[in-house]
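K.L.:
The structure that follows is given in the form of structure tokens.
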Amino acid sequence: MIKIPSLSSLWQKSRKTLLRFPLQTLICLLAMSVWIWLNNNSGSENESQLYKLIPLCNIAFTLSLSANLYAEKQRWIQPKSIGLQLLAIALCVALFVLLSPQLFEADLFRLLLFILAGHLLVSFSVYPNPSNIYDFWHFNKTLFLRFITAFLFSAVLFAGLSIALLTIETLFSYTIKGDIYFNLFIILATVFNSLFFLAGVPDGSVYTTEEKSYPKVLKIFTQYVLIPLLTIYFGILVVYELKIVINAELPNGMVSILILGYAVFGILSYLLIYPISKEPENKWMSQFSKLFFWLMLPFLALLFVAIWVRTDNYGLTEMRYFIILLAIWLLCLCLYFIFYKSPSIQLIPISLFILTILSTYGPQSPFNLSKKSQQARLQTYIHQHDEKANHEKISIVNYLVKFHGLSSLQEFSSSNLSEIQKQIVFNSDSLKTTSYEIKSELRDTAFAILSIDPNAVLLYNQYVNFNNADKIIPIDNFNYIYWLQGGLDEEFNSPLGEIRIENKKDQSLLVVIGKQDSVNFNINQLGKDIIANYKNQIAKTTESAWNTDKNNNVIVPAERMKLSASSSNYNVEIIIQNLSSNLSSDSTMQDYPPSFSAYLLISNKQVAEIY
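In the numbering used here, each residue carries its 1-based index in the sequence shown increased by 20.
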């Protein structure tokens, strides 16, 4: 019989959790309060600053929880434990002052790195010593299962309460604002989910026989989900690597994601089966554990080549730095587990934690190295004015301002860019100015100071709409008119018989009328002619260019938007009303046909002769 917990039992467990984790509870309540207030007061002053508090609460939660668990394991007195936890809070206060993720993407990455570091710290805070490998595994197993359980309970509770609210709306004709549903989500995600998780966190001092048992669900999950996925990844990578060798070509940059995915699934599988991999009945697990790290080596070689190609062509960026760092970490990890007789699984989160912290600040950080790499590239192109140089300058300046702010361009200007940036960010109206407006002003200021036209090559890398100057179409001697949507194959009946419209592989348009007549229109060539004419007008500023309307659509003379053809019995004409195409001159881009809409006009030759 299922034992239903009494209210007294629930209260005792809740009270125990609150007394054990008082600071973490307050952090959850703070995150909930700030998030709900922002949800109900959109567009308020200091909105971006308050939004920054939510991820910082996550960091404060994990750091203070790590400090709390460590103090419990060391059996510290309460004041000493609270002091260590407050030190973690002080670090988050410093991050609140230092970071501006709403303005600079480098700070957003730093915020994500600190969140990752906080979660990694929790995993080994109780057992940093390699002598407690199995206790370390069971501690993290409990955290992992409790996290999943808390997520499922929160999701089911949210779904159930949302349906209950929706039912009240339907049955009692009572309007419930949409914000109520999101507020409910916030409460469950921040407070209920966190406290439910905390209630199941072991103290790490004593484990019961039940806590030290290996859950069958993990074995089933690993054996029937993770390892089959790993096998699929392995097969794809082996075939792709053979393809590269046979064709003697460089790897595609996207292969990096597949290799990292293979590594994640493999390491997770290795960790999940670790306690039972050496049991006699699980020999295949032991073989898998040994084989996985050997199989990673050729894939890591492929990963190094793929990221080297991208970095050599376009310089270093934060994402490329992280891929390189992960590749080096995985290589060291593989060599460690291959050649070390008694490897410690604690090394995985501890080493990753150290790399994460080292990546946040300092000369070795991705932000500093990427900034210097792109500054060097800008120095190469700054005095060049060809199309490639203009494209690179615009791209690099956009990147530097977006990630590092206006001050990252200081070496290219005699003005005090740090002071200019402060004036833009902290002007008298900054509280009422959105972060988007501030970032736009920083970007525009950077281009103005460096005398770079941000639209110099933008035109050649965007889609442009060409509209027919004539909105009213004269039918003249045509008998039938049909609205035609480009790219769609159509077939329909008409007084002329069945009409079929077919888009051919050579990007032409075939119109078949009845059983004997057909005409072909080269829409693709018409689009190329219009684009070439438009580019020529822009290049030769002395000539008058086609006008644009208030929506930046280019207005094309009607005679340039028309194609005519005839068959044995019919005269057919297509009058393009709208044509959209990419103006890129990059030969490496795939040549897609222009999208268009048009009128299809048809006249019967015999009827026309009578009249």
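Just so you know, even glycine gets a beta-carbon here, dropped at the ideal spot from N, CA and C.
Beta-carbon separation of Leu185 and Ile196 under 8 angstroms?
P.N.:
In the sequence shown, counting from the first residue as 1, residue 185 sits at position 165. In the sequence shown, counting from the first residue as 1, residue 196 sits at position 176. Cβ atoms of Leu185 and Ile196: closer than 8 angstroms.
K.L.:
My assumption, with CB atoms under 8 angstroms, is that Pro222 sits in contact with Leu165. Please give the rounded CB distance.
P.N.:
For the purposes of this step, residue 222 is taken as residue 202 along the sequence shown, with counting starting at 1. For the purposes of this step, residue 165 is taken as residue 145 along the sequence shown, with counting starting at 1. Incorrect: roughly 11 angstroms between the Cβ atoms, too far for contact.
K.L.:
Between the alpha carbons of Asn499 and Ala585, how many angstroms are there, rounded?
P.N.:
Your numbering for residue 499 matches position 479 in the sequence shown. Your numbering for residue 585 matches position 565 in the sequence shown. Going from the Cα of Asn499 to the Cα of Ala585 covers about 15 angstroms.
K.L.:
I think Ile521 touches Asp509, with their Cβ atoms under 8 angstroms apart; what is that distance to the nearest whole Å?
P.N.:
Locating residue 521 in the sequence shown gives position 501, where the first residue counts as 1. Locating residue 509 in the sequence shown gives position 489, where the first residue counts as 1. Contact holds; Cβ gap of about 6 angstroms.
K.L.:
Quick one: is Asp127 buried, meaning 16 or more other Cβ sit within 10 Å of its Cβ, or exposed?
P.N.:
Sequence index remark: in the sequence shown, residue 127 carries index 107 (1-based). That one is buried.
K.L.:
Beta strand (DSSP E) containing Gly517: first to last residue?
P.N.:
Numbered from 1 along the sequence shown, position 497 holds the residue referred to as residue 517. Element bounds for Gly517: 517-523.
K.L.:
If we ignore side chains and look at the alpha-carbon of each, how far apart do Leu43 and Glu431 end up?
P.N.:
Walking along the sequence shown from the start, residue 43 turns up at place 23. Walking along the sequence shown from the start, residue 431 turns up at place 411. Going from the Cα of Leu43 to the Cα of Glu431 covers about 46 angstroms.
K.L.:
Note down the Cα distance separating Leu319 from Ile256, rounded to an integer number of angstroms.
P.N.:
Working through the sequence shown from its first residue, we reach residue 319 at position 299. Working through the sequence shown from its first residue, we reach residue 256 at position 236. Before going on, a small fix: residue 319 reads as Phe here, not Leu. Going by the C-alpha atoms only, they are around 11 angstroms apart.
K.L.:
Bridge partners of Thr568, per DSSP?
P.N.:
For the purposes of this step, residue 568 is taken as residue 548 along the sequence shown, with counting starting at 1. According to DSSP, which records beta bridges pairwise, Thr568 is partnered with Val574.
K.L.:
Between the alpha carbons of Asp473 and Ala409, how many angstroms are there, rounded?
P.N.:
Mapped onto the sequence shown, residue 473 falls at position 453. Mapped onto the sequence shown, residue 409 falls at position 389. Taking the straight line from one Cα to the other gives about 12 angstroms.
K.L.:
Does DSSP classify Ala618 as helix, strand or coil?
P.N.:
Position 598 of the sequence shown, counted from the first residue, corresponds to residue 618. Three-state result, Ala618: strand.
K.L.:
Provide the residue span of the beta strand (DSSP E) that contains Ser601, from first to last.
P.N.:
Walking along the sequence shown from the start, residue 601 turns up at place 581. Counting along the chain, the beta strand (DSSP E) containing Ser601 begins and ends at 590-602.
K.L.:
Roughly how many whole angstroms lie between the Cα atoms of Thr454 and Gln122?
P.N.:
Start at 1 with the first residue of the sequence shown, and residue 454 comes out as number 434. Start at 1 with the first residue of the sequence shown, and residue 122 comes out as number 102. Roughly 9 angstroms separates the two Cα atoms.
K.L.:
Cβ-heavy atom distance between Lys310 and the ligand MN below 7 angstroms?
P.N.:
Of the ligands one can find in the structure shown there are none, so the ligand MN has no counterpart to examine.
K.L.:
With DSSP as the reference, label Gln536 as helix, strand or coil.
P.N.:
Within the sequence shown, residue 536 is the residue found at index 516, counting from 1. It is coil, neither helix nor strand.
K.L.:
Just to confirm before moving on: does the CB-CB distance between Tyr483 and Ser309 stay below 8 angstroms?
P.N.:
Working through the sequence shown from its first residue, we reach residue 483 at position 463. Working through the sequence shown from its first residue, we reach residue 309 at position 289. Not in contact: Tyr483 and Ser309 (Cβ atoms no closer than 8 angstroms).
K.L.:
Buried or exposed for Ile188, going by 16 or more other Cβ atoms inside 10 Å?
P.N.:
As a working note, residue 188 is residue 168 in the sequence shown. Label assigned to Ile188: exposed.
K.L.:
Can you tell me where the beta strand (DSSP E) with Lys582 in it begins and where it stops?
P.N.:
Translated into positions along the sequence shown, residue 582 becomes position 562. Here the beta strand (DSSP E) through Lys582 covers 582-586.
K.L.:
Do Leu132 and Leu76 have their C-beta atoms closer together than 8 angstroms?
P.N.:
For this step, residue 132 is matched to residue 112 along the sequence shown. For this step, residue 76 is matched to residue 56 along the sequence shown. No. Outside cutoff.
K.L.:
If you draw a straight line from the alpha carbon of Ile533 to that of Glu518, how long is it in whole angstroms?
P.N.:
Translated into the one-based positions of the sequence shown, residue 533 becomes position 513. Translated into the one-based positions of the sequence shown, residue 518 becomes position 498. Near 6 angstroms, if we compare the C-alpha coordinates of Glu518 and Ile533.
K.L.:
Got a sec? Which residues, its chain only, sit under 8 angstroms from Gln441 by beta carbon, not counting five neighbours each side?
P.N.:
Along the sequence shown, read from residue 1 onward, the residue named residue 441 stands at position 421. Cβ neighbours of Gln441 beyond the five flanking positions: Gly425, Leu426, Ser427, Leu462.
K.L.:
Would DSSP call Leu529 helix, strand or coil?
P.N.:
Your numbering for residue 529 matches position 509 in the sequence shown. Looking at Leu529 - three-state DSSP - the assignment turns out to be strand.
K.L.:
Return the chain-ordered list of same chain residues with a C-beta closer than 6 angstroms to the C-beta of Gly286, the five sequence neighbours on each side being excluded.
P.N.:
Numbered from its first residue, the sequence shown carries residue 286 at position 266. For Gly286, where only same-chain residues beyond five positions count, the Cβ hits under 6 angstroms are Leu250, Phe312.
K.L.:
Go ahead and pull the three-state DSSP assignment for Asn333.
P.N.:
On the sequence shown, residue 333 is found 313 positions in, with the first residue counted as 1. Here Asn333 sits in helix by DSSP.
K.L.:
Express the C-alpha separation of Glu261 and Pro363 in angstroms, rounding to a whole number.
P.N.:
Counted from its first residue, the sequence shown places residue 363 at position 343. Counted from its first residue, the sequence shown places residue 261 at position 241. Whole-angstrom Cα-Cα distance: 30 angstroms.
K.L.:
Report all residues from its chain with a CB closer than 7 angstroms to the CB of Asn59; omit the five preceding and five following residues, and keep chain order.
P.N.:
The sequence position of residue 59 within the sequence shown is 39, counting from 1. Asp199, Phe202, Asn203, Ile206.
K.L.:
Checking 8 angstroms against the spacing of the C-beta atoms, do Ser438 and Leu470 come in under that value?
P.N.:
As a position in the sequence shown, residue 438 is number 418, starting the count at 1. As a position in the sequence shown, residue 470 is number 450, starting the count at 1. Contact flag unset, no.
K.L.:
Return the bridge partner residues of Val484 from the DSSP annotation.
P.N.:
Position 464 of the sequence shown, counting from 1, holds the residue named residue 484. Val484 pairs with Ser601.
K.L.:
In this structure, how does DSSP classify Pro300 when only helix, strand and coil are distinguished?
P.N.:
Translated into positions along the sequence shown, residue 300 becomes position 280. Helix, per DSSP.
K.L.:
Using DSSP's beta-bridge definition, name the partner residues of Glu511.
P.N.:
Here residue 511 corresponds to residue number 491 of the sequence shown, with the count starting at 1. Beta-bridge pairing links Glu511 to Arg520.
K.L.:
Between the C-alpha atoms of Lys582 and Asn513, what's the straight-line distance to the nearest angstrom?
P.N.:
Numbered from 1 along the sequence shown, position 562 holds the residue referred to as residue 582. Numbered from 1 along the sequence shown, position 493 holds the residue referred to as residue 513. Rounded to the nearest angstrom, the two C-alpha atoms are 25 angstroms apart.
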